[in-house]
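Asks:
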Amino acid sequence: MAAKADDLILFVLVVEAGSFSKVAEQLNLTNSVVSKRIGRLELQLNTQLLYRTTRKLSLTDAGRTLYGKARLAKLAIQEAEDSITGYSEDIRGTIKLTMPMVSAQLVLNAALARFCDDYPSVNVELSIDNSVVDIVGQGYDLAIRTAQLEDSSLVAQRLVDSNWVVCASPQYLSNVGTPKTPEDLSTHRCLIYQYEGTGSEQWAFKDGSGEYFVKVKSQFRSNNLHSLRQAALSNLGIAYLPKALIHNNLINGDLVSILNGFTAKDLGIYAVYPRSRQPDKKLKLLIEYFRKAYSEKKEYFS
1415 MAAKADDLIL FVLVVEAGSF SKVAEQLNLT NSVVSKRIGR LELQLNTQLL YRTTRKLSLT
1475 DAGRTLYGKA RLAKLAIQEA EDSITGYSED IRGTIKLTMP MVSAQLVLNA ALARFCDDYP
1535 SVNVELSIDN SVVDIVGQGY DLAIRTAQLE DSSLVAQRLV DSNWVVCASP QYLSNVGTPK
1595 TPEDLSTHRC LIYQYEGTGS EQWAFKDGSG EYFVKVKSQF RSNNLHSLRQ AALSNLGIAY
1655 LPKALIHNNL INGDLVSILN GFTAKDLGIY AVYPRSRQPD KKLKLLIEYF RKAYSEKKEY
1715 FS
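Note that our numbering numbers the sequence shown so that position 267 is 1681, with each residue one more than the last.
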C-alpha cells in the first residue's frame, strides 16, 4: 500500500519542527493523531523512520533518505499551489542553506542579512560548514561551494572565481629566504590545509608546459584556513591560501605573496541546488544578492 502524500508532508513537518507537539499545535491536531499518522507511514513503508525518546526525535538512516526526497515533494506541491495564487509577487517561505566559513564571514553573512531585511516573510536556516554536505539527503535548498564540481544531480551557477596564493610573513622570508621556484619549497616549512581528514601535500603549480604538482613537507596542518593564516602571520611557515582570506594582510604587508608566476589554484565559487527542484523566486533573488556581494568584492578574489 502506497504512503499517503499528506502523511509524507506531515513527516517532513515533524522532522523540521523536531517534535510531534509543535506540529500538532501548528495543524490544530492532537499529539496522538500526529503520532498515529507517523506510525502508519512507518507501517506502510515497513521501516522505522524516527528514533523517539522523551527528550527528542532523531532520524534513522531510512528516515534521513525519505526526508530528503519527501521535502522536495512538499516543495513541489507548494510551488504548484503558489503558481495559481499570485505567490510570485509575495516573497515568503523558508530557505535552508549551507556555505563555507571564509565566504560567509567575508561576503555572504552581510548579503544574507540584507536579504532578510528586504524580505521579512522569508525564514532562513543557515549552516556554516566547510564540508561537502549531501544537499538532497539533508534537505538543503541551496549550498555555496568552492570546488571543482562533479555531481550531475546538482545545478551549479558560478558566482565568482577564487584565486589562491602562496604566502608567508616578511619575517619568515627574512629568516629563511624567499623561494624562487616551487621546487625550492622542499627546503621550507609549509602549512598544509587538511581538508575533510586528508592532507594535501601536493601543491598545484604551472609553467610553460602546463600544470604540475610539488610535494611539500609540514610541521603544521589544519582543516581551518583561519588557523593556517594565523600560523603564517606568526612566522611559522609558507601557506597556500585563498586570496580573499588574506587580502587585507597582503595590502598592509603582514603577508607577502610569492611564486606569483607559478600558482595554479583557481577554484570557482558556485551556488548549487538540486536538479530535481526548479528554484523559486525567493531562491533566485537570494542567489542574485550573493552574486552582487561577490562582485562588489571581486578584487578580494582575483
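No residue lacks a Cβ here, since even glycine has one placed at the ideal position from N, Cα and C.
According to DSSP, is G1453 part of a helix, a strand, or is it coil?
Replies: Reduced to three states, the DSSP call for G1453 is helix.
Asks: Name the residue from D1555, L1655, T1467 and G1432 whose alpha carbon lies nearest to the alpha carbon of S1355.
Replies: Because residue 1355 is not part of the residues shown, which for the chain are 1415 to 1716, the question remains open.
Asks: Relative to the C-alpha of K1711, which residue among A1525, L1511 and A1582 is closest?
Replies: That would be A1525, whose Cα lies nearest to the Cα of K1711.
Asks: Report yes if the C-beta distance between N1638 and Q1608 is below 7 Å; otherwise report no.
Replies: It is not a contact, given that the beta carbons lie outside the stated cut-off.
Asks: Could you check whether L1556 and L1511 sit closer than 7 Å to each other, using their CB atoms as the reference points?
Replies: It is a contact, given that the beta carbons lie within the stated cut-off.
Asks: Bridge partners for N1577 per DSSP, in chain order?
Replies: DSSP output for N1577 lists D1680 as bridge partner(s).
Asks: Give me the Cα-Cα distance between L1650 and G1551, rounded to the nearest whole angstrom.
Replies: Rounded to whole angstroms, L1650 to G1551 spans 40 Å at the Cα level.
Asks: Start and end of the alpha helix (DSSP H) containing S1472?
Replies: Where S1472 is concerned, there is no enclosing alpha helix (DSSP H), although the beta strand (DSSP E) it sits in stretches over L1471 to L1473.
Asks: With a CB to CB cut of under 7 Å and the five nearest residues on each side skipped, what residues in its chain are close to I1672?
Replies: Cβ within range, chain order: V1580, C1581, A1582, T1592 and P1593.
Asks: Does DSSP classify D1531 as helix, strand or coil?
Replies: D1531 falls in the helix class under three-state DSSP.
Asks: Are the C-beta of L1556 and some C-beta of chain C separated by less than 7 Å?
Replies: Annotation note: the requested chain C is absent from the structure, which comprises a single protein chain.
Asks: Look up E1539 in the DSSP assignment and say whether it is helix, strand or coil.
Replies: E1539 falls in the strand class under three-state DSSP.
Asks: Can you tell me which of the three DSSP states V1670 falls into?
Replies: Strand, per DSSP.
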